[in-house]
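Participant: Chains E and B, in that order, are what the protein sequence lines are. The numbering used here puts the first residue of the first sequence at 180, with every later residue one more than the last. The numbering used here puts the first residue of the second sequence at 428, with every later residue one more than the last. Quick one: structure below, then a few questions.
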Amino acid sequence: MNVIRQTFEVLRKELLVEWRSPARVSGLFFFALAMLLMVAFASPTEGILRTQAGGTLWISLLLASTRSMDQSWSTEMEHGAAEGMLLWPVEPVAIYYGKALANTAILLAVTVAIFPLMVGLYDVPVRGDLSMLAAIAVMGCAALAAPGTLYGLITAQARGASVLLPLLMFPLVVPALLAASRGTMVVIEGDPMLQGSSWLSLLVAFNAIHWSLSGLFFGRVLEDG
Amino acid sequence: MEAGSAWMLTGPNGSGKSTMLRCMATSLKPHRGHILVDGTDLWENRQTLRAEIAYLGHELHVWDDLSPRQNLQAWNRLGRFEVDVDALLERVNLEPHRDHPVRAMSAGMKRRLGLARLLLKKPRLALLDEPFGALDPEGRELVLDVIRELRTSGTTIALATHLPRIGAQACTHGLALEAGQLLWAGTASGLLERLP
Chain E
180 MNVIRQTFEV LRKELLVEWR SPARVSGLFF FALAMLLMVA FASPTEGILR TQAGGTLWIS
240 LLLASTRSMD QSWSTEMEHG AAEGMLLWPV EPVAIYYGKA LANTAILLAV TVAIFPLMVG
300 LYDVPVRGDL SMLAAIAVMG CAALAAPGTL YGLITAQARG ASVLLPLLMF PLVVPALLAA
360 SRGTMVVIEG DPMLQGSSWL SLLVAFNAIH WSLSGLFFGR VLEDG
Chain B
428 MEAGSAWMLT GPNGSGKSTM LRCMATSLKP HRGHILVDGT DLWENRQTLR AEIAYLGHEL
488 HVWDDLSPRQ NLQAWNRLGR FEVDVDALLE RVNLEPHRDH PVRAMSAGMK RRLGLARLLL
548 KKPRLALLDE PFGALDPEGR ELVLDVIREL RTSGTTIALA THLPRIGAQA CTHGLALEAG
608 QLLWAGTASG LLERLP
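Listed below in structure tokens is the structure:
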């Protein structure tokens, strides 16, 4: 019970920090939007752009997520707040889940903001089930946040954190990226073969593994830092 | 170290004062030797003993974007304490700045906030690394008052300082360190007599 309460308190603190410095979330939004625009300009035809919409969306979110995780931990490192939490009577697992939930929420907010822009910009009509699309968005953001929060801590303690984090994180999230982008595309196209639920299941499995394993290892990583 | 005693650690830069305090705070694992608390190994039992140790180091363990009040409220809730945060802010004279972001505060004010954070815990052992640094005379007096108060309530104190004449006003014992070695241990007044 204490862990759940502490997780909530960490989440509350994270969202308060984001609320007090909104430039961070808006920065992520414009970063992801810039990616969508660059791909639109670089794409040879509108048809290709439409077929790649899901992949482009999730690559934009992946790149934005590395900035998000990096910022999330640099805030904790600035005055040693991460060490402070380690030495405070807080369960490390609560710190992990609180931060990972906050990172999921921030990514989800960016997704909600840029998805309509992508639909308009790429001229992609959404024909499928919106609730399935929402579920894929939530699971996809959670799949980026779970390993990102753990690896963000590892790299925050090293030099060149902003380079190291993508190097460690990208190979790990390939299955999630594949499932989220393919799932998004099949739902956008109307999901005639009912494949959306399969991609969603893959995302759920990815999340189950990474949220549990990262929670398990987080305390050790925090302690060794 | 007897309960309720206050130890002052002195020595030149690099003598090991901060390292010793960080080991006692369980922020660092000692390479050699053991720190015992009531006969039990501190590092082995760190998860439970951390609740009884408060540490004010060079890093103040605060979030820059939050105000002093929000910082203390967050630490208060995380630790499941029920301390009156506003009264604490008044205690360290930060009441007029309670809603300003920490980022905009001076080094001395941030130090006062670190002190307030330390007081949330009601610790058995309080560790203070250069607690007088960046503080004006009034702030230094505040730190001395806090140390005296903590001692009265049975808290054991260890503080590292380059200002032993100030530290001795609230400490009972003194340690002189050099290059990681203990040079001298005794009373705080005895330590002052050895100073040039």
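We put the beta carbon where it would ideally sit given N, CA and C, even for glycine.
Could you say if the segment 604 to 612 of chain B and the segment 456 to 463 of chain B meet the contact criterion of at least three C-beta pairs nearer than 8 Å?
Facilitator: Counting Cβ pairs under 8 Å, fewer than three are found: no touch.
Participant: Any C-beta of chain B sitting closer than 8 Å to the C-beta of E:Ser-200?
Facilitator: Chain B contact via Cβ: present.
Participant: My understanding is that E:Leu-215 touches E:Ser-247, with C-beta atoms under 8 Å, so please give their C-beta distance in whole angstroms.
Facilitator: At roughly 17 Å, the Cβ-Cβ gap does not stay under 8 Å, so E:Leu-215 and E:Ser-247 are not in contact.
Participant: Whose Cβ in chain E lies nearer than 8 Å to the Cβ of B:Ala-452?
Facilitator: Result: Leu-266.
Participant: Please go through the segment 193 to 261 of chain E and give each complete alpha helix (DSSP H) segment of 4 or more residues, from N-terminal end onward.
Facilitator: Qualifying alpha helix (DSSP H) stretches, in chain order: 202 to 221, 225 to 230, 232 to 257.
Participant: Where does E:Val-400 sit, in a helix, a strand or coil, going by DSSP?
Facilitator: Reduced to three states, the DSSP call for E:Val-400 is helix.
Participant: Please compile the residues from chain B whose C-beta is within a distance smaller than 9 Å of the C-beta of E:Thr-186.
Facilitator: Per Cβ cutoff of 9 Å: no residues; E:Thr-186 is ~10 Å from chain B at best.
Participant: Quick one: Cα of E:Phe-385 to Cα of E:Ala-322, how far?
Facilitator: For E:Phe-385 and E:Ala-322, the distance between alpha carbons rounds to 7 Å.
Participant: What beta strand (DSSP E) runs, 3 residues minimum, are completely inside the segment 447 to 475 of chain B?
Facilitator: Listed in chain order, there is nothing to give.
Participant: Would you grab the beta carbon distance between B:Leu-547 and B:Val-573 for me? Rounded to a whole angstrom, and I think it's under 8 Å.
Facilitator: Going by Cβ atoms, the distance from B:Leu-547 to B:Val-573 rounds to 12 Å, so no, they are not a contact pair.
Participant: Below 8 Å on C-beta distance, what does B:Glu-471 contact in chain E?
Facilitator: Those within 8 Å of B:Glu-471 in chain E number zero; the least Cβ separation is about 13 Å.
Participant: Closer than 7 Å between beta carbons: that is the criterion. Which residues of the segment 487 to 500 of chain B meet it against chain E?
Facilitator: Going along the segment 487 to 500 of chain B in chain order, one finds Leu-487, His-488, Val-489, Trp-490, Asp-491, Asp-492, Leu-493, Gln-497 with a Cβ nearer than 7 Å to chain E.
Participant: For a contact defined as C-beta to C-beta under 9 Å, what are the partners of B:Arg-477 on chain E?
Facilitator: Going along chain E in sequence order, the residues near B:Arg-477 (Cβ under 9 Å) are Leu-265, Leu-266, Trp-267, Pro-268.
Participant: For B:Gly-617, decide whether its Cβ has a neighbour in chain E, counting only Cβ atoms nearer than 8 Å.
Facilitator: Output row for B:Gly-617: interface = no.
Participant: Would you say E:Thr-254 reaches chain B, if we count a Cβ-Cβ gap shorter than 8 Å as a contact?
Facilitator: By this cut-off, E:Thr-254 is an interface position.
Participant: With a CB to CB cut of under 7 Å and the five nearest residues on each side skipped, what residues in its chain are close to B:Arg-525?
Facilitator: So the list reads Ser-494, Pro-495, Arg-496, Leu-516, once near-sequence residues are dropped.
Participant: Cβ of E:Phe-258 less than 8 Å from any chain B Cβ?
Facilitator: According to the sequence displayed, residue 258 of chain E carries His and not Phe. Yes - at least one Cβ of chain B is within 8 Å of the one on E:His-258.
Participant: When the Cα atoms are used, what is the spatial distance from B:Thr-588 to B:Ser-445?
Facilitator: Roughly 9 Å between the two C-alpha positions.
Participant: Counting contacts by CB-CB distance shorter than 8 Å, is E:Leu-195 in contact with chain B?
Facilitator: At least one chain B Cβ lies under 8 Å of E:Leu-195.
Participant: Put B:Asp-572 into one of helix, strand or coil per three-state DSSP.
Facilitator: Three-state DSSP puts B:Asp-572 in a helix.
Participant: Which of the three DSSP states is assigned to B:Leu-604 in this structure?
Facilitator: Looking at B:Leu-604 - three-state DSSP - the assignment turns out to be strand.
Participant: Indicate, with yes or no, if the ligand ADP has a heavy atom lying under 7 Å from the CB of B:Arg-578.
Facilitator: Summarising the ligand content, the structure contains no ligands, and the ligand ADP is consequently not present.
Participant: Work out the CA separation of E:Gly-259 and B:Arg-538 for me, nearest whole Å.
Facilitator: Those two C-alpha atoms are separated by around 14 Å.
Participant: State yes or no: is the C-beta of E:Trp-237 within less than 8 Å of the C-beta of E:Ser-341?
Facilitator: Contact: no.
Participant: Counting only Cβ pairs nearer than 7 Å, list the residues of chain B close to E:Lys-192.
Facilitator: Within 7 Å Cβ-Cβ: Ala-501.
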